[in-house]
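What follows is one structure encoded as C-alpha cells, with my remarks underneath.
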Amino acid sequence: MFDIIFKNARVLDGTAAPWFVADVAVKDGYIVKVGRIEGEAKQVIDAAGKYLSPGFIDTHSHSDTPLVENPTADSKIMQGVTLEVIGQCGTSAAPRNMGLREQDESEITKMAEDGPKWTDMASYMEVLESQGVSVNVAPLVGHGTVRRQVMGVEPRPATPEEAEQMKILVREAMEQGAFGMSTGLIYVPGRYSETSEVIELAKVVAEYGGVYFTHIRNESAHLLEALAEAIEIGNGAGLPVQVSHFKAMREPNWGKVPEAIAMIERAREDGLDITADQYPYIASSTGLGSPLPASAWTGGEGSERLRDPEERKKILEQLKARGYWDSIVIANLEHPDDQQYIGESVEAVGRIQGISSEEAALGLLERNRGVVQIVNFAMNEDNVRTIMKLPWVMVGSDGSALNVKTAKGKPHPRNYGTFVRILGRYVRDHKVLRLEEAVRKMTSLPAMRLGLQDRGILKEGMRADLVLFDADAVVDNATFTEPHQYASGIDYVVVNGVIVVEDGAHNGARPGAVLRRRD
Numbered sequence: 127m128f129d130i131i132f133k134n135a136r137v138l139d140g141t142a143a144p145w146f147v148a149d150v151a152v153k154d155g156y157i158v159k160v161g162r163i164e165g166e167a168k169q170v171i172d173a174a175g176k177y178l179s180p181g182f183i184d185t186h187s188h189s190d191t192p193l194v195e196n197p198t199a200d201s202k203i204m205q206g207v208t209l210e211v212i213g214q215c216g217t218s219a220a221p222r223n224m225g226l227r228e229q230d231e232s233e234i235t236k237m238a239e240d241g242p243k244w245t246d247m248a249s250y251m252e253v254l255e256s257q258g259v260s261v262n263v264a265p266l267v268g269h270g271t272v273r274r275q276v277m278g279v280e281p282r283p284a285t286p287e288e289a290e291q292m293k294i295l296v297r298e299a300m301e302q303g304a305f306g307m308s309t310g311l312i313y314v315p316g317r318y319s320e321t322s323e324v325i326e327l328a329k330v331v332a333e334y335g336g337v338y339f340t341h342i343r344n345e346s347a348h349l350l351e352a353l354a355e356a357i358e359i360g361n362g363a364g365l366p367v368q369v370s371h372f373k374a375m376r377e378p379n380w381g382k383v384p385e386a387i388a389m390i391e392r393a394r395e396d397g398l399d400i401t402a403d404q405y406p407y408i409a410s411s412t413g414l415g416s417p418l419p420a421s422a423w424t425g426g427e428g429s430e431r432l433r434d435p436e437e438r439k440k441i442l443e444q445l446k447a448r449g450y451w452d453s454i455v456i457a458n459l460e461h462p463d464d465q466q467y468i469g470e471s472v473e474a475v476g477r478i479q480g481i482s483s484e485e486a487a488l489g490l491l492e493r494n495r496g497v498v499q500i501v502n503f504a505m506n507e508d509n510v511r512t513i514m515k516l517p518w519v520m521v522g523s524d525g526s527a528l529n530v531k532t533a534k535g536k537p538h539p540r541n542y543g544t545f546v547r548i549l550g551r552y553v554r555d556h557k558v559l560r561l562e563e564a565v566r567k568m569t570s571l572p573a574m575r576l577g578l579q580d581r582g583i584l585k586e587g588m589r590a591d592l593v594l595f596d597a598d599a600v601v602d603n604a605t606f607t608e609p610h611q612y613a614s615g616i617d618y619v620v621v622n623g624v625i626v627v628e629d630g631a632h633n634g635a636r637p638g639a640v641l642r643r644r645d
C-alpha cells in the first residue's frame, strides 16, 4: 500500500519539459511511481486540473534563527517552499560564542539570546533537528559571522594569523555539512575585507565542493565593479559562484543591467560556473544603518561617538549621501516611542519631527541600537522581468519564515509571497515566463546549484518533496502595506513524504530534514 496517491495531476517534473497528466505515488518518503496507478493508498488526493511539481527551493533565505523561533516555517511552506538555503549575505547562525573574541550585538545573536544555545554548525543543526522543522534546510557558513568571531567588527584587513583562524572556522563548518560560504560585502564586517581574504576562504570551501554565495559589494553605482570582484573570487578560488538577489538599485544605475548580464555570460563562456537568484519585486529590504560603520551606533543611546559633534557631523554626511529618503520606508524597529513610524518613509518621519531626513534616520538608529529594518523602493520593473527570463537565474525570497500570529512590523511581502507571485503575476497574468520554466527555476535549477541528486525533479526514486497548486487561483496576498498574509492557491505541500499543507492549511507537521552537503 502506498502512503499517498495524487490522481490525475498535471505533472510538472521540474526540468521545463511540458506538463503531462499522471498519477503520482509516494511511499516511505520517496516518489515510487509516476503513471497510471491502480493500487491503494492511505490517502488518495484528487489532483484533476491541478499542477503537481517538485517542492520549491528558496535559494536565498534568512530563516536561520526564525526557524528556531518558528519551526513550522508558515510563510514559506504556505507558498510551496520545501527547502530553504540559509546562512546568506555573510550572516549565519553559526559559528557563534566560540571564545575567540567578545561579540558585538549582531542581530542574529540578539535574536537567539533567549533561545537554544549552540556554538558551531553541527550543534545548530542538532537544535533544528531536535525540535523538528516543517521545511528542509541547507545551511551556508557566513563570512561575516566568521570574521566577527575572529576580529569583531574592526575596520581593517585581517592579519595573517586572523586569516588562518577564519580558515579554521570555515573548514570546520564545511566538515560539519555546510553547502558553501556566503558573503555580505556591503555590510559590516564583510565590507572591511579585501578580495584576497575572501579568495583564500573560498579556496577552503572549494576543497569540499562548496559554492560561493555573495551579496556583492555594491548593487548601485559600482555594480559592475562589484560583479567583477565576484567573478575574480570564483576564478581565484576555483569554485561556483551564486550572485544573490541580482539587481541594479536606483534609477541612474538601471541601465547597467545589460552590461552586468553580459559580464556574467562572458564569465560562463570562459568556464566559470556562475549563476544568480532574484526576488520578483521592485523594492529591496535591509537595515537603515547598512551604509554606516558599526561604530556609528555601537552602544545605542549612550554612544559617546554620537554625542561628539564632529563624529555626528561625519555620520550625518554619510546618511545624506544615501538620499532617496522618500522611497525608504520603515519596516520594523523595537523602541516603543518609534512604533508610530512603521510604514512611514524616512522623509515623512523627518517632516513629522520637524527635522531633516538625515537627522530623523540617525535618531531612529540611535534609539533602536542600530537595528531598523527598511523597505527600499529602488528597482525597475523592466529589469526585474529581464533578469527573470535569464536561464541561469533562479528564485530566492531573501526573506524569513514568519507566522502571521507572531510577526511584527511591516516587513517586505517577499517573506510570504515570492514563489506564488512568480506563478500568478509573472506566469499567468503577464506571460513573462512559461509555467514549466518558472517551476524549473524553483526546483531543479537550485537543486543543481546545491549539488542535490535526489531533490528538485519529480520522478521515481526522488525524495517526495511536492507541491500541488491551482494555477488559476495562486495569489500573493501579502502587500507592502499589509504584508502578513499567506499566499493562496497552494493546496497541498509534501515534505519528505509527509503532508504538511492539506487543503490549503498548515497541519503542524515537522518532517523537514537538516541537509548536510552531499547527504
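In my numbering, the protein residues as written are 127 to 645.
Quick reminder that beta carbons are idealized off the backbone N, C-alpha and C, glycines included.
Start and end residues, alpha helix (DSSP H) containing residue i
i, result
"Y618", "Careful: Y618 lies outside any alpha helix (DSSP H), inside the beta strand (DSSP E) at 616-621."
"H341", "Premise fails: H341 lies in the beta strand (DSSP E), 337-341, not in any alpha helix (DSSP H)."
"M520", "Note, M520: premise wrong, no alpha helix (DSSP H); beta strand (DSSP E) at 519-521."
"S570", "570-576"
"K202", "200-203"
"R581", "R581 -> no alpha helix (DSSP H), and no H or E assigned at all."
"R222", "Element bounds for R222: n/a, residue is neither H nor E."
Exposed unless 16 or more other CB atoms sit within 10 angstroms - verdict on residue i
i, result
"M251", "buried"
"Q466", "exposed"
"P517", "exposed"
"A613", "buried"
"T285", "exposed"
"S411", "buried"
"V593", "buried"
"R581", "buried"
"P366", "buried"
"F372", "buried"
"G428", "Its pLDDT being 49, under 50, G428 is placed unreliably by the model, and the measurement read from it follows with that caveat. Exposed, by the Cβ-count rule."
"N633", "exposed"
"H186", "buried"
For residue i, three-class secondary structure by DSSP
i, result
"L209", "strand"
"A328", "helix"
"D246", "coil"
"R554", "helix"
"F606", "coil"
"H632", "strand"
"M277", "helix"
"L266", "coil"
"M251", "helix"
"D596", "coil"
"P539", "coil"
"E233", "Because the pLDDT at E233 is just 46, under 50, the model does not fix this residue reliably, and the value given afterwards should be weighed accordingly. It is helical."
"S308", "strand"
"Y318", "helix"
"R227", "Caution applies to R227, whose pLDDT of 47 falls short of 50 and renders its modelled position unreliable; the model cannot decide the point."
"V565", "helix"
"G489", "helix"
"S260", "coil"
"K293", "helix"
Residue i at chain C interface by Cβ criterion, 9 Å
i, result
"Y552", "Note that chain C does not occur in the displayed structure, where there is just one protein chain."
Identity of the residue in the options nearest residue i by Cα
i, options, result
"V455", "N622, T607, S471, V383", "S471"
"V207", "R644, R643, G638", "G638"
"L445", "V627, V330, A486", "A486"
"A173", "R274, E288, Q404, A148", "A148"
"A135", "S179, A167, G165, A142", "S179"
"V624", "I441, K153, V497", "K153"
"R575", "D596, V259, Q368, N379", "Q368"
"R642", "G577, I616, D591", "G577"
"N104", "G543, V253, E326, S346", "Look at the range of the chain in this structure, 127 to 645, and you will see that residue 104 is not part of it."
"K439", "L488, M588, Y450", "L488"
"S249", "A328, V279, V498, V194", "V194"
"P406", "E391, E351, I387, K567", "K567"
"F128", "G140, W145, V137, E164", "E164"
"N262", "A635, V601, M375, V621", "V621"
"E166", "A142, K176, V150, T309", "V150"
"M300", "L311, G336, G496, V565", "G336"
"R589", "A597, F545, K159", "K159"
Endpoints, beta strand (DSSP E) assigned at residue i
i, result
"A284", "Looking at the DSSP string, A284 is not in any beta strand (DSSP E), and its letter there is neither H nor E."
"P192", "No beta strand (DSSP E) contains P192, which is instead part of the alpha helix (DSSP H) from 192-195."
"R643", "Taken as a continuous stretch (DSSP letters only), R643 belongs to no beta strand (DSSP E), as it is neither H nor E."
"D172", "167-172"
Complete beta strand (DSSP E) runs within the segment 336-394 (minimum length 3 residues, chain order): Fully enclosed beta strand (DSSP E) runs of 3 or longer: 337-341, 367-369.
Every unbroken alpha helix (DSSP H) within the segment 403-487, with a cutoff of 4 residues, ordered by chain: If one requires a minimum length of 4 residues, the alpha helix (DSSP H) runs lying completely within the segment 403-487 are 430-433, 435-448, 472-479, in chain order.
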